[in-house]
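Undergrad:
In this note's numbering, the protein residues as written are 144 to 317.
Laid out in structure tokens, this is it:
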């Protein structure tokens, strides 16, 4: 699961790439190291760093914990669990949002003709350009028709990539 680029992207968004040892902490959690102390010991990271990453995962709904009190020491122990199902849900939701946005952009591009000013790079639909007499609203330069077929093809390619990407959470989670 950790090798999937969509999973990595989601986790980097949640915990920030620069967070020291964050991927190692998540891998420990997935492998069954369940307390923050166990993770800190295994990764050789300071306990406060481990806890900071765990709480970021918790805040994002990607980890949960149970608190139990040691009857002898009266100290609390936090037992952590990585919520694999939530990762799947979040990636699916993000995937669906991206596909929906791409489809909206594609529809907009397919249903409009565009004009551009070579001086200011201002891009307008036919309606906007005709309202301004095909004069750029930014610099008063002349607006020229621009073929948006390459943009449409690029969006279709991106849609195809997203439609073809399956996240495999298979046996690694067992």
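Beta carbons are placed, not taken as given, at the ideal position from N, Cα and C, and that holds for glycine.
Looking at residue 168: is its Cβ nearer than 8 Å to the Cβ of residue 182?
TA: The answer is yes: Cβ separation under 8 Å.
Undergrad: Below 6 Å CB to CB, which residues in the same chain sit around residue 324 once its five sequence neighbours on both sides are set aside?
TA: As displayed, the chain neither begins before 144 nor continues past 317, which places residue 324 out of reach and without an answer.
Undergrad: Count the other CB atoms within 10 Å of the CB of residue 282; is the residue buried (16 or more) or exposed (fewer)?
TA: Under this definition residue 282 is an exposed residue.
Undergrad: What is the C-beta distance between residue 190 and residue 157, in whole angstroms, given that I count them as a contact (C-beta under 8 Å)?
TA: That pair is no contact at about 20 Å.
Undergrad: Which of the three DSSP states, helix, strand or coil, is assigned to residue 177?
TA: Three-state result, residue 177: coil.
Undergrad: Check this for me: beta carbons of residue 295 and residue 252, under 8 Å apart or not?
TA: Cβ distance < 8 Å, so residue 295 and residue 252 count as in contact.
Undergrad: Drop a sphere of 10 angstroms on the beta-carbon of residue 154, count the other beta-carbons inside from all chains shown, and report buried for 16 or more, exposed for fewer.
TA: When all chains shown are included, residue 154 counts as buried.
Undergrad: Identify which residue in 306, 176, 219 and 147 has its Cα closest to the Cα of residue 246.
TA: Measuring from the Cα of residue 246, the nearest candidate turns out to be 306.
Undergrad: Are the stretch 193 to 208 and the stretch 223 to 234 touching by the rule of at least three beta carbon pairs closer than 8 Å?
TA: Touching, yes, given that three or more Cβ pairs across the two stretches are closer than 8 Å.
Undergrad: One question on the structure: do residue 256 and residue 288 come within less than 8 Å of each other, judged by their Cβ atoms?
TA: Cβ atoms of residue 256 and residue 288: closer than 8 Å.
Undergrad: For residue 221, which beta-bridge partners are listed by DSSP?
TA: Paired residue(s): 210.
Undergrad: Going straight from the alpha carbon of residue 248 to that of residue 299, what length do you get?
TA: Distance between the alpha carbons of residue 248 and residue 299: 10 Å.
Undergrad: If we count the other Cβ atoms within 10 Å of its Cβ and call it buried at 16 or more, is residue 194 buried or exposed?
TA: Flag for residue 194 reads buried.
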